[in-house]
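Engineer: Handing you this structure, nothing more for now.
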Amino acid sequence: MTGISLRRAVATDAEPIRRCIEAAYTAARQTIPDLPDVTEGVEEDIRDRNVVVAVDETSLHGVVVFGFERETAMIFNLAVSPDAQGRGIARRLLDFVATEARENGVRNMRLTTHRLMADTRAMYCHLGWQETGHEGNKVYFSKPT
Numbered sequence: 001m002t003g004i005s006l007r008r009a010v011a012t013d014a015e016p017i018r019r020c021i022e023a024a025y026t027a028a029r030q031t032i033p034d035l036p037d038v039t040e041g042v043e044e045d046i047r048d049r050n051v052v053v054a055v056d057e058t059s060l061h062g063v064v065v066f067g068f069e070r071e072t073a074m075i076f077n078l079a080v081s082p083d084a085q086g087r088g089i090a091r092r093l094l095d096f097v098a099t100e101a102r103e104n105g106v107r108n109m110r111l112t113t114h115r116l117m118a119d120t121r122a123m124y125c126h127l128g129w130q131e132t133g134h135e136g137n138k139v140y141f142s143k144p145t
């Protein structure tokens with residue numbers, strides 16, 4: 001898998017993004033019954049938020065949905081298709097957000113994940129994110145840009 005590039009999502013990316021998200025969350029859905037469906041509203045996200053995709057010549061392999069709220073870059077969703085995991089795509093997508101945040105004078109990033117998504121939590125910690133709190137099934141993370 002060479003030649004992965006990042007670009008802004010366009011309307012025609014909605015269905016490939018939905019497939020990527022569904023694939024990325026399939027394993028977690030089998031063991032976490034209260035995991036929310038994050039595939040709804042993809043078209044609205046593309047229109048109203050910042051959506052960046054990781055693509056090669058033939059496929060969409062990852063996506064990050066983010067926005068700015070006051071002094072914080074909020075990561076609303078990050079997904080990498082299972083066949084592309086472990087290749088640095090999540091890191092590249094999050095680095096893109098951090099760069100854009102810095103360019104907009106934003107110095108902090110935040111995200112939320114499910115407490116039972118142990119692999120996801122471990123990945124965020126490996127990438128330098130800090131757990132900042134828990135509420136119910138939610139785990140909050142933060143990282144300076």
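Residue numbers (UniProt numbering): 1 to 145.
A virtual CB, placed ideally from N, CA and C, is assigned to each residue, including glycine.
1. Would G62 be called buried (16 or more neighbouring beta carbons within 10 Å of its own) or exposed?
2. Within the same chain, show all residues whose beta-carbon is closer than 6 Å to that of T72, passing over the 5 residues directly before and after it, in chain order.
3. Let me know the secondary structure DSSP gives A14 once reduced to three states.
4. What did DSSP end up calling L94 once you bin it into helix, strand or coil?
5. Alpha carbon to alpha carbon, how far is A84 from M1? Give it in angstroms, no decimals.
6. Considering just the uninterrupted stretch of the beta strand (DSSP E) at V55, what are its terminal residues?
7. Which class does P82 belong to by DSSP, given the choice of helix, strand or coil?
8. Please state whether DSSP places M1 in a helix, a strand or coil.
9. Please tell me whether T99 has its Cβ less than 7 Å away from any Cβ of chain C.
10. In angstroms, rounded to a whole number, what distance separates the CA positions of Y25 and A79?
11. Between the alpha carbons of G3 and I89, how many angstroms are there, rounded?
Structural biologist: From the atom records:
1. buried
2. N108 and R110
3. helix
4. helix
5. Per-residue confidence for M1 stands at a pLDDT of 45, beneath the threshold of 50, marking its modelled position as unreliable; no derived number is given.
6. N50 to V55
7. helix
8. In this prediction, M1 has a pLDDT of 45, which is less than 50 and means its spatial position is unreliable; nothing more can be read from the coordinates.
9. No chain C appears in the structure shown, which is made up of a single protein chain.
10. 8 Å
11. 12 Å
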